[in-house]
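J.: Residue numbers (our numbering), protein chains in the order written: chain A, 783 to 1105; chain B, 31 to 302.
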Amino acid sequence: MSAIQLSSVTKRFGDIEAVRDLDLTVESGEIYGFLGPNGAGKSTTINMLLDFVRPTEGTITVLGEPVDAAGAELRERIGVLPEGFDVYSRLTGRKHIEFAIDSKEANDDPAAILDRVGLTDAADRPAGGYSKGMRQRLALGMALVGEPELLILDEPSTGLDPGGAREMREIVSAEADRGATVFFSSHVLGQVEAVCDRVGILHEGELVTEDSIEGLRDASDNEATLILTVDDATDDDLDAVRRLDGVSGAAVDGSMVTVSCESDAKTDVISTLGETGIEIRDIETESTSLEELFLSYTDGEGVVEKEGAGTGEAAVATPEGGQ
Amino acid sequence: MSWLVVARKDFEDSIRSRWLQGLTALFVGLVALIAVVSLRLSTGGETISTNALLGANFMGLLSGTLVPLIALVIAYSAVTGERESGSLKLLLSLPHSRADVVFGKVAGRSAALSTAIIVGFVVPAVILALGPLSLDIVSYVGYTLLVALLVSVFVAIAVGWSAAAPSQRIALGGAIGLYFLFVPFWDIIQLPLQIAISSLPEWVPVSGTAISNALFLLNPASAFQGLTNALLQGQLFSGETAGLQVSALSMLLFWLLAAPLVGLLVFQRRDL
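1) Counting only Cβ pairs nearer than 8 Å, list the residues of chain B close to residue 864 of chain A.
2) By the three-class DSSP mapping on this structure, what secondary structure does residue 878 of chain A have?
3) Under the DSSP definition of a beta bridge, which residues are partnered with residue 1043 of chain A?
4) For the candidate residues B:260, B:274, B:225, whose alpha-carbon lies nearest to that of residue 244 of chain B?
5) Just the chain B side, please: which residues come within less than 9 Å of residue 858 of chain A by C-beta, in chain order?
6) Going by beta-carbon coordinates alone, are residue 924 of chain A and residue 956 of chain A separated by less than 8 Å?
7) Residue 150 of chain B by DSSP, collapsed to three states: which one?
8) Quick one: which chain B residues come within Cβ less than 8 Å of residue 869 of chain A?
9) Can you name the residues of chain B whose CB is closer than 7 Å to the CB of residue 836 of chain A?
10) Counting only beta-carbon atoms, is residue 967 of chain A nearer than 8 Å to chain B?
11) Are the CB atoms of residue 848 of chain A and residue 792 of chain A nearer to each other than 8 Å?
12) Excluding the five sequence neighbours on either side, which residues of its own chain have a C-beta within less than 7 Å of the C-beta of residue 904 of chain A, listed in chain order?
13) Provide the residue(s) that pair with residue 839 of chain A in DSSP beta bridges, ordered along the chain.
14) So residue 981 of chain A is in the beta strand (DSSP E); what residue range does that whole segment cover?
15) I believe residue 142 of chain B touches residue 293 of chain B by the beta-carbon criterion, under 8 Å. Please report the beta-carbon distance rounded to the nearest angstrom.
16) Report yes if the CB atom of residue 798 of chain A is closer than 8 Å to the CB atom of residue 978 of chain A, and no otherwise.
17) Against chain B, with Cβ distances strictly below 8 Å, would residue 886 of chain A count as a contact?
18) Give the straight-line distance between the Cα atoms of residue 1020 of chain A and residue 1002 of chain A, rounded to the nearest whole angstrom.
19) Could you have a look at residue 1084 of chain A and say whether DSSP puts it in helix, strand or coil?
20) Quick check: the stretch 173-181 of chain B against the stretch 195-204 of chain B, are there 3 or more CB pairs under 8 Å?
21) If the cut is a Cβ gap below 8 Å, which residues of chain A does residue 135 of chain B touch?
22) Excluding the 5 residues preceding and the 5 following residue 807 of chain A in the sequence, name in chain order all residues of the same chain whose CB lies nearer than 6 Å to its CB.
23) Strictly below 8 Å CB to CB, what residues from chain A border residue 113 of chain B?
24) Do residue 68 of chain B and residue 83 of chain B have their C-beta atoms within less than 8 Å of each other?
25) Give the secondary structure of residue 1067 of chain A by DSSP, where H, G and I count as helix, E and B as strand, and everything else as coil.
26) What I want to know is whether the C-beta of residue 1036 of chain A ends up closer than 7 Å to one or more non-hydrogen atoms of the ligand COA.
27) Any idea if residue 249 of chain B is buried or exposed, counting beta-carbon neighbours within 10 angstroms, 16 or more meaning buried?
28) Is the stretch 944-951 of chain A touching the stretch 823-840 of chain A in the sense that three or more CB pairs, one from each, lie closer than 8 Å?
29) Between residue 1108 of chain A and the rest of its own chain, which residues show a CB-CB distance below 7 Å, the 5 nearest in sequence each way excluded?
30) Given this structure, state the Cα-to-Cα distance separating residue 21 of chain B from residue 247 of chain B, to the nearest angstrom.
31) In chain order, what residues of the stretch 796-815 of chain A put their CB closer than 9 Å to some CB of chain B?
32) Which two residues bound the contiguous alpha helix (DSSP H) that contains residue 898 of chain A?
33) Would you report the Cα separation of residue 958 of chain A and residue 1010 of chain A, rounded to the nearest angstrom?
34) For residue 269 of chain B, which residues from the same chain have a beta carbon less than 6 Å from its beta carbon, with the 5 sequence-adjacent residues on both sides left out?
35) Please work out which residues of its chain come closer than 7 Å, Cβ to Cβ, to residue 159 of chain B, disregarding the five sequence neighbours upstream and downstream, and give them in chain order.
36) Any C-beta of chain E within less than 8 Å: which residues of the stretch 917-942 of chain A qualify?
Printed below as a string of structure tokens:
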């Protein structure tokens, strides 16, 4: 049985098509990384999985049940870390976990859950004083209650420092080892790369590629990045290069032209640029990293953040935060 | 009983709200003030009963205007506020249906406000018991419970509205509108309405009294006034207005269920 199945799902908000004709299947027991730049439609897709938002067209089943007809009971089998959520600022962290336990009619020990997500020290403080990272940990704790069959985590590393992000990945792996299916979204490839069995890349509401990490890596090994120093070039000059077979992207920054392409296409790129009348002064070749491959799929949108970006927030994410 | 879990959480959350605490303090203060003022006025030595006190104009004014206001202030953002902050996502990520959320919130917030009101009446009762007033415990408790019912009805209306409103701003505007409709406006239109009714043309198939009774019943605040007046005169569900009182109580219970239900129907169809 598939844990998640979307068939021809489209969601329009007025004139805007947030998700376009999306087909996606997540098999039971796998860790699926749902990757894409901000605004690609990841959260809309996840919100549709949870019946927060209804699709304009198409059908969605989660754990074998159609989400529009399944009702609230379906969520007893799912743990969710939503995006753009907020906590109940007047209630303590412990109360939040207890609320999740009561809601799921589970018999977890609140203290054990709080310990697992690293909130033991802050457990009895109102969650309104928590930092972004602590709120994220709290919601993860609520998601873990009741040993769900499926975990849906929307940008789980938001607001976490590098250590927190690593703990998050460890929890994801541990849940998968227990037998849970994990579906999580991220705009940071590094978060996904280390733990996922399979990755789907969403761009402007469409699934542009879906592969295992190994598959992506093989693709990136075939790719090269050409860094050319030129006398003068405009973005329009690169159109001819972009049209070449095997070229996945090209960009210009002053006198620096960067082209991502298959290794075999390098000579074509150089000769085409020459024909456009651009004088090439220097040529460097780099093999393409997984990050650059990701960028090539998304037209360079959604800059690939290195892990630990946003340390400003991380600094607040200490137990003393928000006092 | 998923809605009960939501109700308990909402109760615990609401009871910690500064607004609720502040408004409760205001309410307790005013009821106590009325009690003290009544004591002062009765220094002539004669005892006045609590029934006379509760039946006094300013007491009716206090319950009839402040209680709906408190309920609307505490409950208008019950759903919209959570939708805008995002805590509704946390709530609906758990196995609660939208119906559980709406009815759980009505129950939780009504319970929180009723608790506040019961506290608000216990304090003056202590003052009253010490003074030269005879405490009619049955009608005092009855009055308190009716106030709790009134606050619950207005909570239900506010939560229903909050579930239906597309944004926090509209929820607030609507709550203000509902308050003015049910509290001052209803009174203002009474006199012109009575005049209009008394000169109804022959062909109108309903009597003037029927229209006037219907309008009286429709407004929870006036239905409440009718019930408390009867209670304090020792004529609850008896005497010549007994039928009207039963209708008034039914109407209050109708509001309690219908308002959240209508709000839910709109909320069901909406994207978060």
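Positions of the beta carbon are idealized from the N, C-alpha and C atoms, including for glycine. In this text the structure is predicted, and so the values were computed from the model without any measurement.
T.: Per the coordinate set shown:
1) Counting from 1 along the first sequence, the entry for residue 864 of chain A is found at position 82. The answer, in chain order, is 116, 119, 120, 123.
2) Stepping through the first sequence from its first residue, residue 878 of chain A is reached at position 96. Three-state DSSP puts residue 878 of chain A in a helix.
3) Counted from its first residue, the first sequence places residue 1043 of chain A at position 261. Answer is A:1006, A:1029, bridged to residue 1043 of chain A.
4) One-based indexing of the second sequence puts residue 244 of chain B at position 214. It is B:274 whose Cα lies nearest to the Cα of residue 244 of chain B.
5) Taking the first residue of the first sequence as 1, we reach residue 858 of chain A at position 76. Per Cβ cutoff of 9 Å: 124, 125.
6) Taking the first sequence and counting its residues from 1, one reaches residue 924 of chain A at position 142. Taking the first sequence and counting its residues from 1, one reaches residue 956 of chain A at position 174. Cβ distance not < 8 Å, so residue 924 of chain A and residue 956 of chain A don't count as in contact.
7) As a first step, residue 150 of chain B must be located in the second sequence, where it is residue number 120. Correct three-state label for residue 150 of chain B: helix.
8) Along the first sequence, one-based indexing puts residue 869 of chain A at 87. Here the neighbours are 117, 120.
9) Locating residue 836 of chain A in the first sequence gives position 54, counting from the first residue. Within 7 Å Cβ-Cβ: 301.
10) Here residue 967 of chain A corresponds to residue number 185 of the first sequence, with the count starting at 1. Output row for residue 967 of chain A: interface = no.
11) Taking the first sequence and counting its residues from 1, one reaches residue 848 of chain A at position 66. Taking the first sequence and counting its residues from 1, one reaches residue 792 of chain A at position 10. Result no, Cβ atoms of residue 848 of chain A and residue 792 of chain A do not sit closer than 8 Å.
12) Locating residue 904 of chain A in the first sequence gives position 122, where the first residue counts as 1. Only 875, 912, 916, 1101 meet the Cβ criterion.
13) Locating residue 839 of chain A in the first sequence gives position 57, where the first residue counts as 1. Looking at the DSSP assignment, residue 839 of chain A forms a beta bridge with A:792.
14) Counting from 1 along the first sequence, the entry for residue 981 of chain A is found at position 199. Run containing residue 981 of chain A: 980-985, per the beta strand (DSSP E) assignment.
15) Reading the second sequence from its first residue, position 112 is the one you call residue 142 of chain B. Reading the second sequence from its first residue, position 263 is the one you call residue 293 of chain B. Wrong, their Cβ atoms sit about 19 Å apart, outside the cutoff.
16) On the first sequence, position 16 is the one that residue 798 of chain A refers to. On the first sequence, position 196 is the one that residue 978 of chain A refers to. In this structure, residue 978 of chain A does not lie closer than 8 Å to residue 798 of chain A by Cβ.
17) Against the first sequence, residue 886 of chain A aligns to sequence position 104. Answer yes: the Cβ-Cβ gap between residue 886 of chain A and chain B drops below 8 Å somewhere.
18) In the first sequence, the residue the question calls residue 1020 of chain A occupies position 238. In the first sequence, the residue the question calls residue 1002 of chain A occupies position 220. Answer to the nearest angstrom: the Cα atoms are 22 Å apart.
19) For the purposes of this step, residue 1084 of chain A is taken as the residue at position 302 of the first sequence. Note that residue 1084 of chain A has pLDDT 45, beneath the 50 cutoff, so the model's placement of it is unreliable and no number is given.
20) no
21) Mapped onto the second sequence, residue 135 of chain B falls at position 105. Those do not exist, as residue 135 of chain B stays about 13 Å from chain A at its closest Cβ, beyond 8 Å.
22) Numbered from 1 along the first sequence, position 25 holds the residue referred to as residue 807 of chain A. Correct list, in chain order: 784, 787.
23) In the second sequence, residue 113 of chain B corresponds to position 83, counting from 1. Within 8 Å Cβ-Cβ: nothing; residue 113 of chain B doesn't reach chain A, min ~10 Å.
24) Within the second sequence, numbered from 1, the residue matching residue 68 of chain B stands at position 38. Within the second sequence, numbered from 1, the residue matching residue 83 of chain B stands at position 53. Contact: yes.
25) As a working mapping, residue 1067 of chain A is identified with position 285 in the first sequence. DSSP places residue 1067 of chain A in strand when its eight states are reduced to three.
26) Of the ligands one can find in the structure shown there are none, so the ligand COA has no counterpart to examine.
27) Numbered from 1 along the second sequence, position 219 holds the residue referred to as residue 249 of chain B. The residue is buried, with at least 16 neighbouring Cβ atoms inside 10 Å.
28) no
29) Any question about residue 1108 of chain A goes unanswered here, given that chain A covers just 783 to 1105.
30) One cannot answer for residue 21 of chain B here, as it falls past the ends of chain B, which runs 31 to 302.
31) none
32) If you number the first sequence from 1, residue 898 of chain A lands on position 116. Element bounds for residue 898 of chain A: 892-898.
33) The residue you call residue 958 of chain A lines up with position 176 of the first sequence. The residue you call residue 1010 of chain A lines up with position 228 of the first sequence. Cα to Cα, the separation comes out at about 45 Å.
34) Walking along the second sequence from the start, residue 269 of chain B turns up at place 239. Excluding sequence neighbours, residue 269 of chain B sits near nothing in its chain.
35) Residue 159 of chain B sits at position 129 when you count from the first residue of the second sequence. Contacts found: 165.
36) The structure shown has no chain E; the protein chains it does contain are A and B.
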